[in-house]
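Protein chains in written order, with the numbering used here: chain C, 1 to 82; chain B, 83 to 323; chain V, 324 to 433; chain U, 434 to 875. A virtual CB, placed ideally from N, CA and C, is assigned to each residue, including glycine.
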Amino acid sequence: MIELTIISWIMAFLVIGAAIYAIETKDLISAAIAAGVASLVVSIMFLVLQAPDVAITEASIGAGLTMAIFVYAIGRTGRWEE
Amino acid sequence: MRKVVAIILASAFFAVLLVSFSNIQQADYGEKEYYYQNPINGSYANESVPSHYISNTKNETGAVNAVTAIVVEYRGFDTLGEVTVLFTAATGVSFLLYKTRGGKKRTEANLILKEGSKLVLPFILLTGAYIFIHGHLTPGGGFPGGAVIASGFLLMMLSYPKFFMKEKAVSVTESMAGITFAFIGLLGLVFASSFLQNFLPLGDAGYVLSAGIIPIIYIAIGFKVGSELSSIADKLKEVQK
Amino acid sequence: MMWPEYITVAALISIGLYGVMAKKNLMKIFIALSLMETGVNLLLITIGYIPGGTAPIENGNFAKYVDPLPQALVLTAIVIGLSVTALALTLLIWYHSKTGTLEYRRGMRW
Amino acid sequence: MVTPVLMIVIPLLAAFLMPLIKKAHRYFTFSILLLNAILSVLLFAKVYNDGAIYETIAGFSPPVGIYLAVDNLSALLALIINLFATINFVTSKKDFKFSMLYLLAVTGATGIVLTGDIFNMFVFFEITAVASYALVASKKDEKAVEGSIKYMILGSVGSSFMLIGIAIIYSQLKSLNLYDIAARISSMDPKMMWLSFSFLLTGIGVEAELFPLNGWVPDAYEGASSNIASFLSFGPSKASIYAIARLLIIFSMSRTYELALYVGIATLLIGEVAAFMQKNEKRMLAYSSIGQMGLILIAFSLIKDTSYAIPAAFFIIVSHASAKSSLFLISGKKGFGGITSKYVGLAGVLSLIGMPPMAGFWGKWYLLMGIADEKMWAVAAVIIFSAVIEAIYFARYLHKNLGEGESEDLGYSIPAAVMVSVSIIMGILPLVYNMAGGVLNA
């Protein structure tokens, strides 16, 4: 079980790091992609937590489509903060 | 100044959340303290809500996947509401972005991407359909299936800048799927005793043609979600002025 | 105790809240909100997890299953989150095409 | 056969059908709303005679499945929401997508009032909220979109908080049914109970315009077109304050009632003082709405102490829903130009201040009676103080508008007159009822 715990910690730090990067970067496209990465890693966490239905949904809707529409919208507005 | 206050507040919130989560026990849901009380007649049951789902899914709904059984049968009303939220959002998006479509030029994608996506599209659509048809047997179901279908169209939008969803076809699909869902619910009210109740034979659990109304509803949801997500992506795509 | 998951949840929610409070760019605020929603979804799934349980799909041999109800709730919550995000982005595109900016102006504060 | 689920499913089905029958959409929507109002009258009659209705959905007994729980007050609120929605819809002039969104928003508000399951309530909250965001922005100018974005940011934070509250309750009780939760809430760790209550109050408080979560209110009301501002003041806000009342009954601790009382007093004072300082008319009406929501919350927070609380809350809800919505409806034009809008303005203001032949009078009367029973003189002083402020700024409002104004738009002022008449009828009925020797108990 110790391997799984280590993997969980690694994923937790990945998610938190991606989230902080998404908030702090000035480039909105990278921010959207970082948020998508956080979402994707969370979907792997769902898989580890024995929720395959949710993992599939989160990976396709939460990470994929949300990121896509964010990128579209940023393309239509402006890429840089401030 | 604003940032400092925000950091302090957010860290305080972080601490509160952690302290409260440390009180949550990862307890087995079958324990006695979770036994529910029937709100209509006030009698106590000798099981908790989740253990009812685990032990009765197969013989009450005919589905193998308990999550699907909950999403479509036990809490089907939530799902109807959820589909409605997505429908509302899709309506709102097309209502507000009605006149912004125009012809801003974009660079054409290269040949391999164009031909490749044409080749791949049917397989993506087929995969999506497979996912939502087998929702009661395997992980998946209407929502991811619909999202896969939408991602197929998204690929087409990426490789062909002039590719647009046919607005009429999309809106007819989403309306028909929504009507199917609500209408099957009403049939439950007519043929059985309450809204969304199953009125079809359950069949043998484990086969595609089983579980009563679950596959029908999931197919409707798949079509609805697929058409709505692709229309949202289509409307938000980069074309303006 | 499932510390990695709970810490992730708390961090995602408070980072999202920080973004909403501190950032001035509207697009950034909605990115923060979507992070917050992800955190809440993870919270629900973690609550339903039982150590040693398997996914709630009947597989013949009698085993301990994790709680299926939170998973059903999260399926609903994910789709709702996407709907709100889509509508929000529409409004932002609209706002940008009128004013040419996504930053708060004087009238947009509270 | 009247079953409450029809009041939710028929409008949903109609909204799904709308893209296929684009042409007659206004008549269609109107008739569906009217049908819903009639259904809610029948439902109220049935509940009044036979007691509360519990309708299971999908045929599974409640905590396992979802159910609708309808008692007197929720049937009445469903009636108020659907009746006013029907009258208000007459003023809509937009295309079929607007009708769809309007129908969906009304359905969501009805669902919040009728459902007996906390997660189902969340889903209906989202339906109303998403539809309202789009409706506020439907005027398609800068202010409207700005107000809608603000509403959306706070609303999304609120819905996340509500979901956290639900998750905490679920982790302790493994149940989502409101009555099951109420029955077993005492077995919950008090710390966790407080946490979940405060998360839920914060989440719903955004929609219910409570202090300090109401930053969106003035902007959204100012930006939205007048019939949508009117809709916001009788639809989502009333449904969500009722949801808070249900929460208070579930948690049922004296400390939670106290917290609600303080929040209510703060909301009342802040709203009325801000309305007093305001120059812009629509913003003034919006802040005054906040004040009235505080008043309703105060009434609900006394629910355990005094039997006057429910009638008081009911009459304030009726008075505010009819009077404020009609005032918003005629706020599109400057001044009260014609006789109809003069009538609307006068009657609406009288009802909001709480003058005798109006529903608002009975609301404040029962509220003060209840407070006097409990000897909470400080609260009574606050309410009277706020009523005085209210009277001053509404006098200013009337003085400014009763003179000459733009010629009125009868398409708006006649529905407004019908709405405000409800307040007068509800004001006279208890008078007749009391004279006949009946005692009012809701």
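Quick one: list the residues of chain U neighbouring B:N128, beta-carbon separation under 8 angstroms, in chain order. Within 8 angstroms Cβ-Cβ: nothing; B:N128 doesn't reach chain U, min ~13 angstroms.
Is V:R432 helix, strand or coil when you go by DSSP? Low confidence applies here, because V:R432 scores a pLDDT of 47, under 50, leaving its location unreliable and the question unanswered by this model.
Selection from U:L643, U:A491, U:L665 and U:A742 that minimises the alpha carbon distance to U:I698: Comparing alpha carbon positions, the residue from U:L643, U:A491, U:L665 and U:A742 closest to U:I698 is U:L643.
Touch check for the stretch 654-668 of chain U and the stretch 699-711 of chain U: three-plus C-beta pairs under 8 angstroms? Result no; under three Cβ-Cβ pairs closer than 8 angstroms.
Using a threshold of 8 angstroms, state whether the C-beta atoms of U:S592 and U:A562 are closer than that. U:S592 places its beta carbon less than 8 angstroms from that of U:A562.
For V:E426, I'd like the list of residues in its chain whose CB is within less than 7 angstroms of its CB, leaving aside the five on either flank, ordered along the chain. Same-chain partners within the cutoff: K347 and N348.
Assign B:F205 to one of two classes, buried (16 or more other C-beta atoms within 10 Å of its C-beta) or exposed (fewer than that). With fewer than 16 other Cβ atoms within 10 Å, it is exposed.
Going by the beta-carbon positions, is the gap between U:N834 and U:G765 smaller than 8 angstroms? Using a Cβ distance threshold of 8 angstroms, U:N834 and U:G765 do not count as a contacting pair.
Nonlocal neighbours in the same chain, by C-beta distance under 7 angstroms from U:D622, ignoring five residues either side: Cβ neighbours of U:D622 within its own chain (closer than 7 angstroms, five residues either side excluded): Q605.
Across the stretch 51-61 of chain C and the stretch 155-165 of chain B, are there enough close Cβ pairs to call them in contact, namely three or more that are closer than 8 angstroms? Per the Cβ contact rule, the stretch 51-61 of chain C is not in contact with the stretch 155-165 of chain B (fewer than 3 Cβ pairs under 8 angstroms).
Going by DSSP, which residues form a beta bridge with U:E488? Residue pairing for U:E488: DSSP places it in a beta bridge opposite U:L501.
U:I861, buried or exposed, once every other Cβ within 10 Å from all chains shown has been counted against 16: Exposed, since its Cβ has fewer than 16 Cβ neighbours within 10 Å.
Cutoff 6 angstroms; reference U:V855; Cβ partners in own chain excluding five residues on either side: For U:V855, same chain residues with a beta-carbon under 6 angstroms away, outside a window of 5 residues either side, are S755 in chain order.
Would B:R183 count as contacting chain U if we go by Cβ distances under 8 angstroms? A caution first: B:R183 carries a pLDDT of 49, below 50, which makes its placement in the model too unreliable to give a value.
List, in order along the chain, the chain V residues whose C-beta lies closer than 8 angstroms to that of B:I299? Chain V residues near B:I299: none, gap ~14 angstroms exceeds 8 angstroms.
Shorter than 8 angstroms from the beta carbon of V:Y418 to some beta carbon of chain U? V:Y418 belongs to the set of residues whose beta carbon lies under 8 angstroms from a beta carbon in chain U.
Taking all protein chains shown into account, decide if B:P31 is buried (16 or more other Cβ within 10 angstroms of its Cβ) or exposed. The shown model of chain B, from 83 to 323, leaves out residue 31 of chain B, and the question about it has no answer.
Stretch pair the stretch 133-140 of chain B + the stretch 469-483 of chain U: three plus CB contacts closer than 8 angstroms: A contact is defined here as three or more CB-CB pairs under 8 angstroms, and the stretch 133-140 of chain B fails this definition with respect to the stretch 469-483 of chain U.
8 angstroms Cβ cutoff, B:S104 in contact with chain U: By the rule that beta-carbons nearer than 8 angstroms mark a contact, B:S104 does not touch chain U.
Rounded to the nearest angstrom, what separates U:I804 and U:A813 at their Cα positions? Cα to Cα, U:I804 sits roughly 6 angstroms from U:A813.
How many Å lie between C:V84 and V:W326 at the Cα? Given that chain C is displayed from residue 1 to residue 82, the structure contains no residue 84 of chain C and the question cannot be resolved.
Cα-Cα separation, B:M247 to B:E256: Their Cα atoms are separated by approximately 13 angstroms.
Just to confirm my understanding: we take U:M802, look at its own chain, exclude 5 residues before and 5 after, and list those with CB closer than 6 angstroms. What are they? Excluding residues within five positions, the ones whose Cβ falls inside 6 angstroms are Y741.
Given V:I368, which residues of its chain have a CB within under 7 angstroms of its CB, disregarding the five upstream and five downstream residues? Only P393, Q394 and V397 meet the Cβ criterion.
For C:W87, does the count of other Cβ atoms within 10 angstroms reach 16, so buried, or fall short, so exposed? Only positions 1 to 82 of chain C appear in the structure, and residue 87 of chain C is not among them; the question remains open.
Using the Cα positions of C:I29 and U:K775, report the straight-line distance between them to the nearest angstrom. Taking the CA atoms as reference points, C:I29 sits about 54 angstroms from U:K775.
U:F555 versus B:L278: straight-line alpha-carbon distance, rounded: Spanning the alpha carbons of U:F555 and B:L278 requires a straight line of approximately 20 angstroms.
Just the chain V side, please: which residues come within less than 7 angstroms of B:D160 by C-beta, in chain order? Within chain V, the residues placing a beta-carbon under 7 angstroms from that of B:D160 are T399, ordered along the chain.
Skipping 5 residues on each side, what residues in its chain have a beta carbon closer than 6 angstroms to that of U:S532? Once the five neighbours on either side are set aside, the close Cβ partners of U:S532 are H458 and T462.
By Cβ distance below 7 angstroms, which residues in the same chain neighbour C:Y21 in space, the five residues on each side in sequence not counted? Within the same chain, C:Y21 has close Cβ partners A34.
Across which residues does DSSP place U:Q711 in a beta bridge pair? DSSP, once it has assigned bridges, lists no residue as partnering U:Q711.
Whole-angstrom distance between U:A570 and U:K526, CA atom to CA atom: Take the alpha-carbon of U:K526 and the one of U:A570: they are about 15 angstroms apart.
Does C:D27 come out as helix, strand or coil in the three-state DSSP assignment? C:D27: strand per DSSP, three-state reduction.
Indicate whether at least one CB of chain C lies closer than 8 angstroms to the CB of B:Q322. At B:Q322 the pLDDT is 45, less than 50, meaning the model places this residue with poor confidence and gives no usable figure here.
Considering only heavy atoms of the ligand FMN, does any lie closer than 7 angstroms to the CB of U:L439? Of the ligands one can find in the structure shown there are none, so the ligand FMN has no counterpart to examine.
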